[in-house]
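J.: Heads up: the sequence shown runs through residues 1 to 66, numbered per UniProt numbering. Heads up, the beta-carbon is just placed ideally off N, CA and C, and yes, glycines get one too. This is the structure, below, for whatever I ask next.
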Amino acid sequence: MAAAVSVWEGLYRVLMRRNSVYVTFVVAGAFVGERMVDSGVHKLWEYNNVGKRYEDIPVLGQRQSE
């Protein structure tokens, strides 16, 4: 119990004591979290749509040679 309290006190001292540090931590965390979610959703989308994308159709958009 005392160890958990000291962890929270340490986090408070490092991150939340000054408003500028806290706001920077929140903004940086939101940016990193958004990038992680975007990457995960993109990989899931690519996995579920293999063979159905424009890039997967070899003759689409190509002209026949005369």
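1. Would you give the residue range spanned by the alpha helix (DSSP H) that residue 59 belongs to?
2. Can you find the residues in the same chain that come closer than 8 Å, C-beta to C-beta, to residue 15, ignoring five residues on each side of it along the sequence?
3. Please classify residue 49: does DSSP put it in a helix, a strand, or coil?
4. Got a sec? Which residues, its chain only, sit under 7 Å from residue 27 by beta carbon, not counting five neighbours each side?
T.: In short:
1. Position 59 of the sequence shown, counted from the start, is the residue given in the question as residue 59. From DSSP, residue 59 is part of no alpha helix (DSSP H); its letter is neither H nor E.
2. On the sequence shown, position 15 is the one that residue 15 refers to. Taken in chain order, the residues that qualify are 21, 22, 25.
3. Here residue 49 corresponds to residue number 49 of the sequence shown, with the count starting at 1. Residue state, collapsed to three classes: coil.
4. In the sequence shown, counting from the first residue as 1, residue 27 sits at position 27. Same-chain partners within the cutoff: there are none.
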